[in-house]
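Q: So the mapping is simple: this note's numbering equals the position in the sequence shown, first residue as 1, plus 2. Just dropping this structure here.
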Amino acid sequence: MKNGFIGFWGIFIGYFIFVHPCIIYYNTYHTSINTENGRLAIFYLGLSFLLWTTVLGTTLWLILKNGILAKKNLAYIDRHGRRVQARIIQSHILKEHKNFISRQITLEMDNFSGQIMGHTMMVNDRRPKENRFETGKNIYLKVDAEFKNNPYVLLEGSTSKVNYALLLIWLAFTGGVVAYYQYSYSTESGGLGWRFLELFHPLLVIPACFILFTGVFYLIFRVFIMGNNTERELLELKFKGEKAVAEIITVKQTGTYINEQPQVEYTLKFTDKYGKTIHAVKKEIVSLLDIGSVSALKYREIMYLPDRPEKFVFYDQINN
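Here's what the structure looks like:
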């Protein structure tokens with residue numbers, strides 16, 4: 003169900019990024035001299051190069067970051083990461099494959115500050131007969147103490163393989179972009195160079211829409227869902243944070259809604275381990291059903307970084 007939902011929205015958004023601009027453009031009358039000013043035409047060409055370089059460069063970086071570089075980082079963390087013992091409190095099978103079983107396990111452990119934390123992760127068990135990941139068993143994690151190397155936290159002894167298929171897809175896509183430049187020039191230039199380019203040509207609209215859509219989704223996820231905390235920051239708070247009880251001074255709705263769920267803003271204060279009082283503001287998306295109980299809160303547990311107490315998160319948001 004989840005994969006189908008993601009697939010549907012992927013196709014839906016892909017249509018509006020790649021297909022819809024072409025349908026509109028090629029069903030509208032155009033000439034080989036849409037832009038009479040040659041300098042403006044060259045500007046449009048340069049702008050399209052810049053947009054496509056941004057799209058292709060960013061996607062290539064993400065592929066390398068989560069592939070080749072992640073494998074290198076994984077080996078580094080396994081050798082030099084801090085060892086953390088954890089107990090499995092829940093374990094269930096997600097899917098049985100031919101050579102391994104995918105499991106989701108929930109762990110309980112002491113973080114670097116001695117606070118008891120929960121952590122959920124997926125593992126691929128290639129030796130299921132050994133029952134290493136059954137409830138009640140102890141395992142060891144390796145954690146990058148500085149949280150500089152993605153994926154930051156891993157199961158001791160983990161190995162990984164690079165998915166070169168994504169790189170091949172990127173190369174094919176890049177080849178398609180180059181081919182589209184050649185196709186557009188050969189069919190639309192009419193011997194007048196790049197004057198056929200205009201602001202709404204697919205060579206400009208497609209990469210602009212790609213950047214716009216991904217930027218909007220990133221903004222929604224980063225600001226409203228993650229609460230301005232990245233995955234790295236949340237993991238750092240989980241494994242290095244100190245627990246404190248924050249006094250909630252005020253709670254108010256901001257007027258922002260995500261999927262019809264309101265965003266609320268907390269004004270709060272807490273005292274860190276050194277006795278310093280920290281005043282802060284925190285925003286959170288809450289369920290409509292919980293808005294009454296949230297508004298009545300007077301205290302709430304948080305996790306903060308001892309060396310940067312302004313970096314904090316609600317305890318129940320990361321204790322999983």
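All C-beta atoms, glycine included, are put in the ideal place defined by N, C-alpha and C.
Once the 5 residues before and after I65 are set aside, which same chain residues still bring their CB inside 8 Å of it?
A: Here residue 65 is taken as the residue at index 63 of the sequence shown, counted from 1. Around I65: L168, L169, W172.
Q: If I measure Cβ to Cβ from R234 and keep anything under 8 Å in the same chain, skipping five residues before and after, which residues do I get?
A: Residue 234 sits at position 232 when you count from the first residue of the sequence shown. Here the set comprises F149, N152, Y154.
Q: Quick test of the definition: if touching needs 3 or more C-beta pairs under 8 Å, does the segment 198-205 touch the segment 18-32?
A: yes
Q: Beta carbon of G192, beta carbon of S34: below 8 Å?
A: Position 190 of the sequence shown, counting from 1, holds the residue named residue 192. Position 32 of the sequence shown, counting from 1, holds the residue named residue 34. Contact flag set, yes.
Q: Using the rule of at least 16 other Cβ atoms within 10 Å of the residue's Cβ for burial, across every protein chain shown, is M124 buried or exposed?
A: What you label residue 124 is simply residue 122 of the sequence shown in a count that begins at 1. It counts as exposed.
Q: Output the distance between the C-alpha atoms of L47 and L199, rounded to the nearest integer angstrom.
A: Position 45 of the sequence shown, counted from the first residue, corresponds to residue 47. Position 197 of the sequence shown, counted from the first residue, corresponds to residue 199. Near 7 Å, if we compare the C-alpha coordinates of L199 and L47.
Q: Look at I107 and F135 and say whether their C-beta atoms are less than 8 Å apart.
A: For the purposes of this step, residue 107 is taken as residue 105 along the sequence shown, with counting starting at 1. For the purposes of this step, residue 135 is taken as residue 133 along the sequence shown, with counting starting at 1. Cβ distance < 8 Å, so I107 and F135 count as in contact.
Q: When the Cβ atoms of the segment 295-311 are set against those of the segment 233-250, are three or more pairs found closer than 8 Å?
A: yes
Q: Specify, as a first and last residue, the run of the alpha helix (DSSP H) that S186 falls within.
A: Mapped onto the sequence shown, residue 186 falls at position 184. 166-190 is the extent of the alpha helix (DSSP H) around S186.
Q: State buried or exposed for G217, treating a residue as buried only when at least 16 other CB atoms are found within 10 Å of its CB.
A: What you label residue 217 is simply residue 215 of the sequence shown in a count that begins at 1. That one is exposed.
Q: Compare the C-alpha of K100 against each of R129, T122, F114 and name the closest.
A: If you number the sequence shown from 1, residue 100 lands on position 98. Comparing Cα-Cα distances from K100 to each of R129, T122, F114, the minimum goes to R129.
Q: F215 to K139, Cα distance in whole Å?
A: Here residue 215 corresponds to residue number 213 of the sequence shown, with the count starting at 1. Here residue 139 corresponds to residue number 137 of the sequence shown, with the count starting at 1. Taking the straight line joining both Cα atoms gives about 44 Å.
Q: Quick check on this structure: which residue in S295, L290, K254 has the alpha carbon closest to the alpha carbon of K284?
A: Here residue 284 corresponds to residue number 282 of the sequence shown, with the count starting at 1. For K284, the nearest C-alpha among the options comes from K254.
Q: Report the rounded CA-to-CA distance for K278 versus S115, giving the unit in angstroms.
A: For the purposes of this step, residue 278 is identified with residue 276 of the sequence shown, where counting begins at 1. For the purposes of this step, residue 115 is identified with residue 113 of the sequence shown, where counting begins at 1. Their Cα atoms are separated by approximately 18 Å.
Q: Excluding five sequence neighbours on each side, which residues of the same chain lie with their C-beta closer than 7 Å to the C-beta of E190?
A: Residue numbering aside, residue 190 sits at position 188 when the sequence shown is read from its first letter. Hits under 7 Å: S34, F198.
Q: Please classify D274: does DSSP put it in a helix, a strand, or coil?
A: The count along the sequence shown starts at 1 and reaches residue 274 at position 272. D274 falls in the coil class under three-state DSSP.
Q: Tell me whether T37 is buried or exposed, calling it buried when 16 or more other Cβ atoms sit within 10 Å of its Cβ.
A: The sequence position of residue 37 within the sequence shown is 35, counting from 1. Label assigned to T37: buried.
Q: Are there 16 or more other CB atoms within 10 angstroms of the CB of S93, so buried, or fewer, so exposed?
A: As a first step, residue 93 must be located in the sequence shown, where it is residue number 91. Burial is judged here by how many other beta carbons sit within 10 angstroms of a residue's own beta carbon; S93 has at least 16 and is buried.
Q: According to DSSP, what are the bridge partners of V253?
A: In the sequence shown, residue 253 corresponds to position 251, counting from 1. Partner(s): Y268.
Q: For V145 versus G243, is the C-beta spacing smaller than 8 Å?
A: As a first step, residue 145 must be located in the sequence shown, where it is residue number 143. As a first step, residue 243 must be located in the sequence shown, where it is residue number 241. Their beta carbons are not under 8 Å apart, which means V145 does not touch G243 by this criterion.
Q: Cα separation between A147 and T232?
A: Numbered from 1 along the sequence shown, position 145 holds the residue referred to as residue 147. Numbered from 1 along the sequence shown, position 230 holds the residue referred to as residue 232. Answer to the nearest angstrom: the Cα atoms are 17 Å apart.
Q: Could you tell me if N322 is buried or exposed, where buried requires 16 or more neighbouring beta carbons within 10 angstroms of its beta carbon?
A: For the purposes of this step, residue 322 is taken as residue 320 along the sequence shown, with counting starting at 1. N322 should be labelled exposed.
Q: Taking only runs of the beta strand (DSSP E) that begin and end inside the segment 31-117, which ones reach a length of at least 3 residues, in chain order?
A: 84-98, 103-112
Q: When burial is assigned at 16 or more other CB atoms within 10 Å of the CB, is F14 buried or exposed?
A: Position 12 of the sequence shown, counted from the start, is the residue given in the question as residue 14. With fewer than 16 other Cβ atoms within 10 Å, it is exposed.
Q: What's the gap between the Cα of Q87 and the Cα of F241?
A: Position 85 of the sequence shown, counting from 1, holds the residue named residue 87. Position 239 of the sequence shown, counting from 1, holds the residue named residue 241. Their Cα atoms are separated by approximately 12 Å.
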